[in-house]
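Visitor: Protein chains in written order, with the working numbering: chain A, 83 to 192; chain B, 26 to 138.
The C-beta atom is built at its ideal place from N, Cα and C for all residues, glycine as well.
From a predicted model like this one, the values you see are computed outputs, not experimental measurements.
Pasting a structure here, questions to come.
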Amino acid sequence: KNEVEQSPQNLTAQEGEFITINCSYSVGISALHWLQQHPGGGIVSLFMLSSGKKKHGRLIATINIQEKHSSLHITASHPRDSAVYICAVNPGGGADGLTFGKGTHLIIQP
Amino acid sequence: DSGVTQTPKHLITATGQRVTLRCSPRSGDLSVYWYQQSLDQGLQFLIQYYNGEERAKGNILERFSAQQFPDLHSELNLSSLELGDSALYFCASSPQGTYYGYTFGSGTRLTVV
Chain A
83 KNEVEQSPQN
93 LTAQEGEFIT
103 INCSYSVGIS
113 ALHWLQQHPG
123 GGIVSLFMLS
133 SGKKKHGRLI
143 ATINIQEKHS
153 SLHITASHPR
163 DSAVYICAVN
173 PGGGADGLTF
183 GKGTHLIIQP
Chain B
26 DSGVTQTPKH
36 LITATGQRVT
46 LRCSPRSGDL
56 SVYWYQQSLD
66 QGLQFLIQYY
76 NGEERAKGNI
86 LERFSAQQFP
96 DLHSELNLSS
106 LELGDSALYF
116 CASSPQGTYY
126 GYTFGSGTRL
136 TVV
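Pasting the structure below:
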């Protein structure tokens with residue numbers, strides 16, 4: 083079983099829809115990251131969370147440490163949001179390399 | 026441009042060969058991470074260097090090695106290459122650890138034929 087599970091694996095939605103991507107993890111963590119990877123392959127860090135909620139533009143990320151669960155929300159989705167969204171965690175205990183989920187492939191249709 | 030430079034962008038080589046991938050971190054960043062992204066395994070952490078010293082090891086094969094030089098650039102050496110080593114190899118850098126924020130390079134696409 084993967085230490086980091088994402089759902090859904092694939093998501094197709096219409097422009098303007100509210101999008102939610104979920105991430106569950108089974109290990110203790112010091113932080114959780116949301117990453118975005120476009121078809122060209124480049125990876126961009128969107129959020130780093132250790133508690134609560136963060137917002138950047140139309141993106142919102144939340145984390146519930148007790149339930150070991152995080153969500154990434156996109157409001158008023160746009161075709162340019164089409165990308166793979168990847169959840170990753172810093173395991174606790176001083177280890178610093180990230181452990182990744184398999185990613186959610188999001189397509190926003192005009 | 027993220028500030029993290031990886032070269033080359035693409036590399037095609039034959040099985041059994043040895044290649045070197047290079048990463049220049051963002052100015053001021055002391056920590057460099059290497060990641061492998063393959064179709065079947067997804068993204069995996071390989072190794073981390075901090076200010077020239079190995080800090081953490083992940084799923085790095087014995088055929089692979091890395092180092093970080095005094096100017097903080099890093100090289101990932103892959104030897105006795107196999108078809109299964111074909112993947113995107115990413116470098117990321119951070120001021121200290123990923124808890125302090127980090128930046129990915131654009132990756133090197135390695136194809137082993």
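1) Contact defined as beta carbons within less than 8 Å: I believe Gln119 of chain A pairs with Val166 of chain A. What is the distance between those atoms, to the nearest angstrom?
2) Which residues bound the beta strand (DSSP E) around Phe115 of chain B?
3) Let me check one thing: in DSSP terms, what residues is Tyr60 of chain B bridge-paired to?
4) How big is the Cα-Cα spacing for Arg80 of chain B and Tyr74 of chain B?
5) How should Thr9 of chain B be labelled, buried or exposed, when 16 other C-beta atoms within 10 angstroms of its C-beta is the threshold for buried?
6) According to DSSP, which residues form a beta bridge with Ala165 of chain A?
7) Just the Cα atoms here: how many angstroms apart are Thr110 of chain A and Leu103 of chain B?
8) To the nearest whole angstrom, what separates the beta carbons of Ser202 of chain A and Ala95 of chain A, a pair I think is in contact under 8 Å?
9) Using a Cβ-Cβ cutoff of less than 6 Å, which residues in the same chain neighbour Arg88 of chain B once the five nearest sequence positions on both sides are dropped?
10) When the Cα atoms are used, what is the spatial distance from Ser27 of chain B to Phe129 of chain A?
11) Residues of chain A with a CB under 9 Å from the CB of Gly132 of chain B: which are they?
12) Could you have a look at Gly134 of chain A and say whether DSSP puts it in helix, strand or coil?
13) For Ser131 of chain B versus His98 of chain B, is the C-beta distance shorter than 8 Å?
14) With distances taken between CB atoms, is the gap from Thr181 of chain A to Phe129 of chain B smaller than 8 Å?
15) Give a yes or no on whether 8 Å exceeds the smallest Cβ distance from Ile131 of chain A to chain B.
16) Whose C-alpha, out of A:Val86, A:Ile101, A:Gln88 and A:Ile142, is nearest the C-alpha of Ile189 of chain A?
17) Any beta-carbon of chain A closer than 8 Å to the one on Arg51 of chain B?
18) Cα separation between His151 of chain A and Ala91 of chain B?
19) At the level of alpha carbons, what is the spacing between Phe94 of chain B and Val57 of chain B?
Guide: Let's see:
1) With a Cβ gap of about 4 Å, Gln119 of chain A and Val166 of chain A count as contacting.
2) It spans Ala112 to Ser119 - the beta strand (DSSP E) in which Phe115 of chain B sits, taken as one unbroken run.
3) Residue pairing for Tyr60 of chain B: DSSP places it in a beta bridge opposite B:Phe70 and B:Phe115.
4) Each residue's CA atom was taken as its position, placing Arg80 of chain B and Tyr74 of chain B some 5 Å apart.
5) Residue 9 of chain B lies beyond the range of chain B shown here (26 to 138); nothing can be said about it.
6) Note: Ala165 of chain A is bridge-paired with A:Leu188 in the DSSP secondary-structure output.
7) Here residue 110 of chain A is Gly; the residue named in the question, Thr, does not match the sequence. The straight-line gap from Cα to Cα measures roughly 32 Å.
8) For residue 202 of chain A there is no data in the structure shown, the boundaries of chain A being 83 and 192.
9) Same-chain partners within the cutoff: Ser104 and Ser105.
10) Spanning the two alpha carbons is a distance of roughly 16 Å.
11) Listed along the chain, the chain A residues whose CB falls inside 9 Å of the CB of Gly132 of chain B are Gly123, Gly124 and Ile125.
12) If DSSP states are grouped into helix, strand and coil, Gly134 of chain A belongs with the strands.
13) Not closer than 8 Å, so no.
14) Contact flag unset, no.
15) Checking the displayed sequence, the identity of residue 131 of chain A turns out to be Leu instead of Ile. By this cut-off, Leu131 of chain A is not an interface position.
16) Among A:Val86, A:Ile101, A:Gln88 and A:Ile142, the Cα nearest to that of Ile189 of chain A is on A:Ile101.
17) Closer than 8 Å: no.
18) In a straight line, the C-alpha of His151 of chain A is about 34 Å away from that of Ala91 of chain B.
19) A straight line joining the alpha-carbon of Phe94 of chain B with that of Val57 of chain B spans about 11 Å.
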